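Structure, as structure tokens:
Protein chains: 6
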Amino acid sequence: MAGAGKTPELTHFRDGLPRMVDVSGKASTLRTATAEGWVRLPPEARAALEAGTNPKGDPLTVARLAGLAGSKRTADLVLLCHPIPVTGADVQVTLEEEGVHVVATVRTTAPTGVEMEALTAVTVASLNVYDMLKAASKAIEVTGIRLLAKTGGKSGDYRAPGV
Amino acid sequence: MAGAGKTPELTHFRDGLPRMVDVSGKASTLRTATAEGWVRLPPEARAALEAGTNPKGDPLTVARLAGLAGSKRTADLVLLCHPIPVTGADVQVTLEEEGVHVVATVRTTAPTGVEMEALTAVTVASLNVYDMLKAASKAIEVTGIRLLAKTGGKSGDYRAPGV
Amino acid sequence: MAGAGKTPELTHFRDGLPRMVDVSGKASTLRTATAEGWVRLPPEARAALEAGTNPKGDPLTVARLAGLAGSKRTADLVLLCHPIPVTGADVQVTLEEEGVHVVATVRTTAPTGVEMEALTAVTVASLNVYDMLKAASKAIEVTGIRLLAKTGGKSGDYRAPGV
Amino acid sequence: MAGAGKTPELTHFRDGLPRMVDVSGKASTLRTATAEGWVRLPPEARAALEAGTNPKGDPLTVARLAGLAGSKRTADLVLLCHPIPVTGADVQVTLEEEGVHVVATVRTTAPTGVEMEALTAVTVASLNVYDMLKAASKAIEVTGIRLLAKTGGKSGDYRAPGV
Amino acid sequence: MAGAGKTPELTHFRDGLPRMVDVSGKASTLRTATAEGWVRLPPEARAALEAGTNPKGDPLTVARLAGLAGSKRTADLVLLCHPIPVTGADVQVTLEEEGVHVVATVRTTAPTGVEMEALTAVTVASLNVYDMLKAASKAIEVTGIRLLAKTGGKSGDYRAPGV
Amino acid sequence: MAGAGKTPELTHFRDGLPRMVDVSGKASTLRTATAEGWVRLPPEARAALEAGTNPKGDPLTVARLAGLAGSKRTADLVLLCHPIPVTGADVQVTLEEEGVHVVATVRTTAPTGVEMEALTAVTVASLNVYDMLKAASKAIEVTGIRLLAKTGGKSGDYRAPGV
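Heads up: the protein sequence lines correspond to chains A, B, C, D, E and F, in order.
FYI, our numbering numbers position 140 of the first sequence as 140, with every residue one higher than the one before it.
FYI, our numbering numbers position 53 of the second sequence as 1053, with every residue one higher than the one before it.
FYI, our numbering numbers position 3 of the third sequence as 2003, with every residue one higher than the one before it.
FYI, our numbering numbers position 159 of the fourth sequence as 3159, with every residue one higher than the one before it.
FYI, our numbering numbers position 157 of the fifth sequence as 4157, with every residue one higher than the one before it.
FYI, our numbering numbers position 72 of the sixth sequence as 5072, with every residue one higher than the one before it.
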């Protein structure tokens, strides 16, 4: 199913890698990150969502809560990610013309950023939308997962082009 | 950042939902699912990957293992998903022209399918590619996460169009 | 705060205990369990719930989903409990005259029962109701957690008196 | 089993809820919380506990350790709870005239309180008492789970009436 | 601290590895595994254990329960391990002349064995003995972790030499 | 398999134990810990490792990542351990004359040390080496797990004899 994969030579990597980057010396400061993603719905899945007759319940509510809970599991899933004490999280899951839109904002006071926590929240919320609607269609697609903005940290603030 | 979200009336849903669908009466049979996804790399991220000088280690190896481990966390992340005893998993993470390609196949003998396990493996692997390369670029995008094929179960086999 | 606790002599216990009971020889059969519990709400907490103005969101929806997810964490919490592949779960959280009523039914096909899974779902749902409303009152009480009914297994069916 | 549940209109809730409350701006200060609960034992369960012949081992010891471990799982179970670095925990499980009494005290230095951690410790300990004795009786009941006292935080100290 | 490490050429490995071995086609049969390990105690640690005055509590009881609970976390820790529904577990932790002896037996009915579950139980129990006594000595050593015996599965029964 | 175990009288322990030691009053300071362990390989296991033909993949790479991930699970496994926000981790897994050598260094800024996190990383990495090679030999042994050095904290720095 894949083309002829070109895997870079692992021996290029420095001895002793991979490792969890040392952030012991960095100050704990306020950091935020916002990420988004889309769940593209074929017509049958969209109809099931709009009709409100989905046999497992409301996909948007489940996804919102799953995304909030998922942000707390980031360090379990991302192998080299530091465990971060999330101090606030907000996940919006709305039905738009183009599909289900997921936007997550995560906040912390920590020595490292929360981009991965926001992206994990978006991803987990999207997987839950998929799970809730997969009986209606097998052609659902999760797409466009990206960082919209971040603040705090030595690399400074960031805003995605056009945001 | 979102448009005017249109949330369907929750009151449409039947009383007592959401719930975890009852599969107690279904037979445990062999089931497989294959899913894919893409991590789009801006030039700096691609250069860091190809140069093999990434300060955290090799993204493809980390992603492959994280995806395998992630498939076992599906029921923790997808709130209404049944816990499934995965009996085999295979995650390929390769560098292609269009970006990093993730393909995951999961197998089980269970009363319900493993689509969510395959999709979770792809998603978690993709998040790990992102994490490994995020120091090189903040414009990485995870996209095209979809089911390629499934076998087993009463809904029969499925193959995505063109696969 | 406690009275004079009377702890039984530990040395009465047989050598080698505690242990996880061996159920290897038991057949995997259909088993169900239903449990209930109550969250007693002081007037301010009840008012916050009924007004729908709770700053964290709707307690009943959150509790229902948390209970469903919680049933899958039973073996993590109950140290000597066997891990069980839950095949169905249903958690109802309703506001009644006497408080918030939680009723959970869990199903499995396994060599041992799911009483603890149903009780864990009730308990976790109740803790989430508490958490959602604790800003309104510190005098909320979780109470009356008990098994209502079970079916399957060699100990036979059970129905609580008056149920 | 339940009466005619009266669920408040979800549409009362503000857009975008539920969410994890933002405590980023709050100072990390010393906070403690003490909670209690009771496990009511029918005569056969009490006899099994007092005789020390329970086939799975000593319920009080298992419950005490499970409660301590459970306090660390709070953010996994309570969907909108912040992850908190618990800095001390103490769980007492004693046999009293009225049943098994569980009292848990949890401490932290954090921007938010540990009421939920203390209540989770009590609840998990109680579930473990239940599990250890359920072979002796199916009519065990967990009851009276409430906050006894808390210190620290902007909402000030609290002590339950009569404590 | 290490000598000149000799890492084998990763490129020797077949494309697409690592992977979780496919056991979908294997029958679910009864399997058991017994493993052991030792915790060597310097005199101060042994004295603290024998005096029963350890400030955190009894190391042997805590270790026994932690080992039982740990056997259920195997698939979380061992990345390519299949999740197994453990149907029985027994962990003995005793003080001997040579140190603390940990022996764990795990049983399942599954398509693959439980050697890793028994070894994980031993390892986790040993880490808990260490943690309970580390205030008394920093020179505790965990050693001699090995498989004593296994039964079931196509590779047949095994018994360590001299056991 | 065990000799006549001599379990110390539990009644020696002070009332209310075990407990998670209160470190609320201790300052958060930089702390590091380094631990090591060995996996002894019988000839067939060593040959499989050196030939690079192991059917599950490369044991050293898997072990390194599993150890890094494992360090984040310490508080889940060690019942009375405080949850610690690890700020850096480094796990080396190399093939030496005497076997596979695992060395883990963990860093944090916290009120308590990370000895258990470093030891858990070593242990989990070792279990993964075992799992990857267990098809080649059932006589693999994990041994010599000990603390090499620690810095920070009121008990001062430590270096194992001869390190």
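Where a beta carbon is used, it is the ideal one built from N, C-alpha and C, also for glycine.
Only a predicted model underlies this, so the values are computations on that prediction, with no experimental measurement involved.
Under the 10 Å beta carbon count, D3157(D) is surrounded by fewer than 16 other beta carbons and is classified as exposed. Within the model, the alpha-carbon separation for T5151(F) versus T5105(F) is close to 11 Å. At a cut-off of 8 Å between C-beta atoms, L5068(F) counts as an interface residue with respect to chain A. If you draw a straight line from the Cα of T120(A) to the Cα of T74(A), it comes to about 6 Å. Taking CB atoms only, R5073(F) has no neighbour in chain D less than 8 Å away. By the criterion of at least three beta-carbon pairs nearer than 8 Å, the region 4088-4100 of chain E is in contact with the region 4045-4065 of chain E. The C-beta separation of V3039(D) from I3145(D) comes to about 10 Å, leaving the pair out of contact by the 8 Å criterion. Taking C-beta atoms as the reference points, S2024(C) and T2109(C) fail to come closer than 8 Å. With the criterion set as a beta carbon lying under 7 Å from some beta carbon of chain A, the members of the region 3015-3043 of chain D are G3016, P3018, R3019, M3020, V3021, D3022, V3023, S3024, in sequence order. A distance below 6 Å between beta-carbons, with the five flanking residues on each side excluded, links S5137(F) to the following residues of its chain, in chain order: P5042, E5044, A5045. Using a 10 angstroms sphere on the CB of A1047(B), the tally of other CB atoms stays under 16, which defines it as exposed. Here E3097(D) is exposed. Its C-beta has fewer than 16 other C-beta atoms within 10 Å. Look at A89(A): its C-beta is under 8 Å from a C-beta on chain D. In the DSSP annotation of this structure, R4046(E) is not part of any beta strand (DSSP E); the continuous alpha helix (DSSP H) holding it starts and ends at 4043-4051.
DSSP places T3120(D) within a helical segment (H, G or I) once states are collapsed to three. The residues S4071, K4072, V4106, R4107, T4108, V4114, E4117, in chain order, have a CB closer than 8 Å to that of V4086(E) in the same chain once the five nearest residues on each side in sequence are set aside.
According to the DSSP assignment, L5095(F) belongs to the beta strand (DSSP E) that extends over 5086-5096. Note on geometry: alpha-carbon atoms of L1148(B) and Y130(A) lie some 14 Å from one another. Judged by beta-carbon spacing, R5019(F) lies beyond the 8 Å limit of G4052(E), meaning their Cβ atoms are not closer than that value. Here A2139(C) carries a coil assignment [DSSP, helix/strand/coil].
The three-state reading of DSSP puts G3057(D) in coil, since its state is none of H, G, I, E or B. Within chain C, the C-beta atoms nearer than 7 Å to that of L4065(E) come from P2018, L2079, in chain order. The alpha-carbon separation between D4076(E) and P3161(D) amounts to approximately 44 Å. If you look at T5074(F), you'll find it in the alpha helix (DSSP H) that goes 5074-5077. Inclusion of N128(A) and V1078(B) in the CB contact set at 8 Å is warranted, their separation being smaller than that value. Listed along chain A is no residue with a C-beta nearer than 8 Å to that of V5122(F); the closest approach is about 15 Å. Among the residues of chain E, those whose CB is under 8 Å from the CB of R5146(F) are A4139, I4140, E4141, V4142, following chain order.
Close to P3085(D), with beta-carbon spacing below 8 Å, are these residues of chain F in chain order: H5082, P5083, I5084, P5085, A5110. The DSSP-derived three-state label of R5019(F) is coil. Excluding five sequence positions before and after T3112(D), the CB atoms of its chain that fall closer than 6 Å to its own CB belong to V3023, H3082, given in chain order. The three-state reading of DSSP puts G5067(F) in helix, counting H, G and I together. Distances from the alpha-carbon of L3080(D) to those of R2031(C), H2101(C), M2132(C), A2033(C) put M2132(C) closest. Under the three-state reduction of DSSP output, V5163(F) falls in the coil class, being neither helix nor strand.
For V2062(C), a Cβ of chain A is located within less than 8 Å of the residue's own Cβ. Not a single C-beta of chain B is nearer than 8 Å to the C-beta of R2046(C).
Ranked by Cα distance from G2037(C), the first of V2021(C), K2154(C), T2123(C) is T2123(C).
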